[in-house]
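In terms of my numbering, the sequence shown opens at residue 4 and continues consecutively.
Since the structure comes first, as structure tokens, the remarks are kept for the end.
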Amino acid sequence: MPRRSSILQLPEDLRRELNARLVAQGFADYDGMEAWLADELAKRDLEISVSRSAIHRHGKEFEDKLEKLRMATDQARAISEGSEDDAGAMNEALLRMVQTELFDVLVDLQDTDRKSIHKIGLTVARLARASVNQKKWASEVRKNLKTVADKVQSLSKKGGLTKKVADQIRAEILGVDLNG
């Protein structure tokens, strides 16, 4: 079994500060980062040794994860901007994208503590619940649209609309292309 990463042994606040500095410095100056971290560990009387290569490995992994997050955000934004919310199609696409990203994160995790796995599990459960609610909502919308379309059909007979006009109104409500 591989040795536990020295970065994971850091206190959480120090690890967050390291991540912030990595981003701020453009994932560069690992020598400076090593010196800063050694100084911080000495100030706290922590006997953890973190090498430049450990910081670099962590930085590379962190940068890759940030890039995946940026890509997912850009994709979600593109879906949001390029889609009319047709019966929740955008929400469905976003849910699937987040589920895929979470799956990738789970696969990538190696030295994970139980707390992190628990949080990811809760997130997956919430996503599953959101997906079920989304599908239930879409089903209700379709049912309501069909009810309205049926009412239009019956009212058209009473009101003197031609069958062609009534069919066109019904198709518009249901989102069906009569010509295609």
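No residue lacks a Cβ here, since even glycine has one placed at the ideal position from N, Cα and C.
Values in this document were obtained by computation on a predicted structure and should not be read as measured data.
Where residue i falls: helix, strand or coil (DSSP)
i    : result
E20  : helix
D53  : Note that residue 53 is Val in the sequence shown, not Asp. In the structure shown, V53 sits in coil (DSSP, three-state: anything other than H, G, I, E or B).
Q28  : coil
S159 : helix
S134 : helix
D48  : coil
S9   : coil
T103 : helix
G62  : helix
T150 : helix
Among the options, nearest to residue i - alpha-carbon criterion
i    : options                : result
K154 : I172, A141, V144, K139 : I172
G178 : L158, K146, S159, K160 : K146
L25  : S142, A141, E66        : E66
R73  : R129, S56, S142, E104  : E104
A41  : R60, S52, A31          : S52
Q137 : F30, R99, R18          : R99
D10  : G29, E64, K46, A27     : Note on identity: in this sequence residue 10 is Ile, with Asp being the wrong assignment. Comparing Cα-Cα distances from I10 to each of G29, E64, K46, A27, the minimum goes to E64.
A38  : R55, R132, R47         : R55
L21  : A96, D77, R60          : R60
Q78  : V101, S8, G163         : V101
F30  : A75, L69, K166         : L69
G62  : A45, S8, L158          : S8
Rounded separation between residue i and residue j - CA only
i    : j    : result
L49  : K122 : 28 angstroms
K161 : A174 : 19 angstroms
A57  : M36  : 11 angstroms
L148 : R132 : 24 angstroms
A81  : A96  : 11 angstroms
V151 : K139 : 18 angstroms
P14  : S134 : 36 angstroms
V168 : S157 : 13 angstroms
R18  : V127 : 25 angstroms
V144 : G124 : 30 angstroms
D170 : K71  : 47 angstroms
R129 : A23  : 29 angstroms
Q12  : A27  : 22 angstroms
A141 : T165 : 31 angstroms
D44  : Y33  : Residue identity differs from the one stated: residue 44 is Leu in this sequence, not Asp. Cα to Cα, the separation comes out at about 16 angstroms.
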